[in-house]
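Residues in the sequence shown are numbered from 3 upward in steps of one, following full-length UniProt numbering.
Backbone N, C-alpha and C define an ideal beta-carbon position, used for all residues, glycine too.
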Amino acid sequence: NNHGRVINFGAGPSALPEPVLEEAAKGLFNFQNTGIGIAEISHRSKEFTSFIANLESLIRKQLDVPPTHEILFTQGGGSNQFSAVVLNMLARWRLLHPEAPAEEAVMDYVVTGSWSKKAMEEAKRLGGGRVNAVADSRQFSQTGKAFDNIPSHDAYKFSRDPALIYYCENETVDGVEFSHEESSPAAFPFQLLGQSTEKQLLPLVADYSSSFMCRPIPRLADHAIVYAGAQKNIGPAGLTVIIARKDCLVDVDAAARLGAAPVPIMLSWKTLSDSKSLYNTPSVLSIYMTGLVLERIDSLGGLKYFEDLNRRKASKVYAAVKEGQDRGVFQKKVKDGSESWMNVVFEVFGEGAEKRFLDGAEKKGMKGLKGHRSVGGIRVSLYNAITEEQVDTLVTYMNDFVAEETK
Ligand code: PLP
C-alpha cells in the first residue's frame, strides 16, 4: 500500500523515502518509547538531544567533515543563509581588519544561476562592503542571458583578500552544476584560490541546498561554510544544515563595536554553536525526519552508494533527452559538462507538445516535471529518494513520447 502516492519529480520540497515516512508516522505518535510524539516532545529532553547529536555524527561521518569544522542546525532555509553569510563573514573580516575602511571589504560572488544571483542581490541589499561578480555565466551563453553553463577558468576574476567568496554548487532552477571531476573545465576553480593554510584561511562559502548528500563534497576542508536546506535530499523543509569552519564562528558583537553591522542573534553562527544549535526551539519534526533519512543513507552504504546511484539515474535521463534531441523533439538546455545530476532541464519542441508531455506523464503517475516558472520547459529532479526504477519509468515514457511525436 503506497497510500495512492505518485512518482514525484518535484524540485523541492521533494520526495522522501517511503520507509522513512512509515517510521516517522510511528514517531509522530510515540518518539523512542517516551510516550510522547516527536512534534510534542521537548527539544531539551535527553532523547531529543541525543537524537540530534547522532544526526550530527552521521553527517560528519558521511561527508567526512574534518575536526576544523562544526555542524550547525538552524531554520529559515537557504534564503536565511544568503543574509547570514554576508553578516557573519563581514563581521569576521572586520575583526581581521579592525582599522580598514568598510569599502575594502569585497564580497566575491560566482554567478552561475538564479540562486547565486539572488544571494548576490542580498549582499548588495545588506551593504557593508563591495560586491564583485567574479564571473557571470550569462555572458558566455549564446543569447547573453541564459544561465546554461559553468564558465571556463580564465573567466574568473577573484579579488585579493576578499571577505567572502561565494558559489552555488548546483543551480536548481537552471540545472547547472559544477563538475566533480577535477580535470573538467566545469569544475570549481579551487586552484585559482590557492590552498588554505593556517594563516590564509579561504573565506569560501558554498550553497549546497540542492546537492547536499547526493555525493561527497570536493575539498570540503577548504571551505569556510557549506550550507543546505534539508528539503531536497535529506528531509522536510524547516531544517538548514551549516558546516562551519571554526574561525567563522565570530563574536559578532565585538565586530559591531568595531563598526560592523549588528547581527540579529538568530543569524549569528556563533550563537548556534555556543547553544549546540538549541538557542531557541528548533524544527524538531524536520530534524527527526532528517535523522531517519541519514540513518537510511548510512545503512544503504553511504554517499558512495548514492553517488553511484545518482550518476546512473542522471545518465539515463540525459541519454533519453539526447535521443529525443536527435529526433527533434527535445532540446537539452545546459552546455555539455555543466549539466546537473539533480535537476535535468530540457525543452519540448512543437505546438502544445510541452503540455502533452506533462499531461501524459501525469496519466502515468508522474508529477512535478514542470520547469521553474522563470525559465519554463521541463525539469526532472532526481534527488536521493528517487529510485532507479522510477527513473526507468520516466525514461520509458520519454522514449514513447518521442516515438509518438515523430510518428
Ligand atoms: N539555494 C538553492 C540552490 C535552492 O535550490 C534554494 C531553493 O530551492 C534556495 C537556495 C532557497 O532555499 P529556501 O527555500 O530553503 O530558502
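With respect to 7 angstroms, is the separation between the Cβ of residue i and the closest non-hydrogen atom of ligand 1 below this value?
{"i": "ASN172", "result": "yes"}
{"i": "ASP138", "result": "no"}
{"i": "GLY177", "result": "no"}
{"i": "GLY79", "result": "yes"}
{"i": "ASP402", "result": "no"}
{"i": "SER211", "result": "yes"}
{"i": "TRP343", "result": "no"}
{"i": "GLY373", "result": "no"}
{"i": "TRP271", "result": "no"}
{"i": "GLY146", "result": "no"}
{"i": "GLY231", "result": "yes"}
{"i": "GLY14", "result": "yes"}
{"i": "TRP117", "result": "yes"}
Can you find the residues in the same chain that come closer than 7 angstroms, C-beta to C-beta, to residue i, ignoring five residues on each side of it along the sequence?
{"i": "LEU274", "result": "LEU74, THR76, TYR281"}
{"i": "PRO15", "result": "GLN233, PRO238, ALA239"}
{"i": "THR292", "result": "LEU57, ALA232, ILE236, GLY237, LEU241"}
{"i": "SER376", "result": "SER116, VAL175"}
{"i": "PHE192", "result": "ARG221, ASP224"}
{"i": "LEU294", "result": "VAL22, GLU25, ALA26"}
{"i": "HIS45", "result": "LEU280, THR283, PRO284, VAL286"}
Output the distance between the C-alpha atoms of residue i and residue j, rounded to the nearest integer angstrom.
{"i": "PHE190", "j": "GLY373", "result": "26 angstroms"}
{"i": "HIS182", "j": "PRO220", "result": "7 angstroms"}
{"i": "ASP394", "j": "ARG314", "result": "11 angstroms"}
{"i": "GLU341", "j": "SER52", "result": "39 angstroms"}
{"i": "ARG94", "j": "SER85", "result": "14 angstroms"}
{"i": "SER118", "j": "PRO284", "result": "27 angstroms"}
{"i": "VAL252", "j": "PRO187", "result": "35 angstroms"}
{"i": "PHE332", "j": "ALA321", "result": "11 angstroms"}
{"i": "LEU18", "j": "HIS225", "result": "28 angstroms"}
{"i": "PRO100", "j": "LEU260", "result": "6 angstroms"}
{"i": "LEU206", "j": "GLU364", "result": "42 angstroms"}
{"i": "ILE9", "j": "ARG96", "result": "49 angstroms"}
{"i": "LEU384", "j": "GLU42", "result": "33 angstroms"}
{"i": "LYS409", "j": "ASN235", "result": "38 angstroms"}
{"i": "GLU316", "j": "ALA257", "result": "At residue 316 the sequence reads Ala, which differs from the Glu that was named. The straight-line gap from Cα to Cα measures roughly 45 angstroms."}
{"i": "ARG381", "j": "ALA230", "result": "20 angstroms"}
{"i": "ASN134", "j": "VAL265", "result": "22 angstroms"}
{"i": "SER154", "j": "ILE38", "result": "54 angstroms"}
{"i": "ASP209", "j": "VAL113", "result": "12 angstroms"}
{"i": "ALA246", "j": "ARG162", "result": "22 angstroms"}
{"i": "ALA107", "j": "ALA262", "result": "11 angstroms"}
{"i": "residue 1", "j": "MET122", "result": "With the chain covering 3 to 409 only, the question about residue 1 has no answer from this structure."}
{"i": "LYS120", "j": "ASN35", "result": "44 angstroms"}
{"i": "VAL336", "j": "GLU184", "result": "20 angstroms"}
{"i": "TYR399", "j": "LYS28", "result": "35 angstroms"}
{"i": "GLY367", "j": "ALA102", "result": "59 angstroms"}
{"i": "SER270", "j": "TYR290", "result": "24 angstroms"}
{"i": "PHE33", "j": "SER279", "result": "20 angstroms"}
{"i": "GLY196", "j": "GLN141", "result": "25 angstroms"}
{"i": "GLY379", "j": "PHE348", "result": "6 angstroms"}
{"i": "LEU30", "j": "ILE40", "result": "5 angstroms"}
{"i": "THR389", "j": "ARG358", "result": "24 angstroms"}
{"i": "SER288", "j": "ILE227", "result": "22 angstroms"}
{"i": "PHE50", "j": "SER277", "result": "15 angstroms"}
Excluding the five sequence neighbours on either side, which residues of its own chain have a C-beta within less than 8 angstroms of the C-beta of residue i, listed in chain order?
{"i": "ARG62", "result": "ILE73"}
{"i": "GLN64", "result": "MET215, LEU296, ILE299, ASP300, GLY304, LEU305"}
{"i": "GLU309", "result": "CYS216, ARG217, PRO218"}
{"i": "GLU105", "result": "GLY131, ARG132"}
Tell me, please, whether the CB atom of residue i is closer than 8 angstroms to any CB atom in chain D?
{"i": "PRO21", "result": "Protein chains in the displayed structure number just one, and chain D is not present."}
Please go through the same chain and pick out, in chain order, the residues whose beta-carbon is closer than 6 angstroms to the beta-carbon of residue i, but skip the five residues on each side of it.
{"i": "ALA157", "result": "ALA137"}
{"i": "residue 413", "result": "Beyond the ends of the chain as shown, which are 3 and 409, falls residue 413; an answer cannot be given."}
{"i": "MET109", "result": "ALA125, GLY131, VAL133, ALA165, LEU166"}
{"i": "SER139", "result": "THR114, PHE149, ASN151, PRO153"}
{"i": "GLY354", "result": "none"}
{"i": "VAL404", "result": "GLY326, ARG329, VAL331"}
Exercise. Pick out the complete beta strand (DSSP E) segments inside the region 164–213, 3 residues or longer, and give them in chain order.
Key: 166–170, 206–209
Quiz item: What runs of the beta strand (DSSP E), each 3 residues or longer, lie entirely inside the region 368–393?
Solution: 380–383
Exercise. Could I get the ranges of all uninterrupted alpha helix (DSSP H) runs contained in the region 208–282, with 4 residues as the minimum, in chain order?
Key: 254–259, 271–276
Quiz item: In the region 20–108, which residue ranges form an unbroken alpha helix (DSSP H) of at least 4 residues, counting only runs that do not cross its ends?
Solution: Here the runs fully enclosed are 20–31, 48–65, 79–98.
Quiz item: What alpha helix (DSSP H) runs, 4 residues minimum, are completely inside the region 283–366?
Solution: 286–302, 304–328, 355–365
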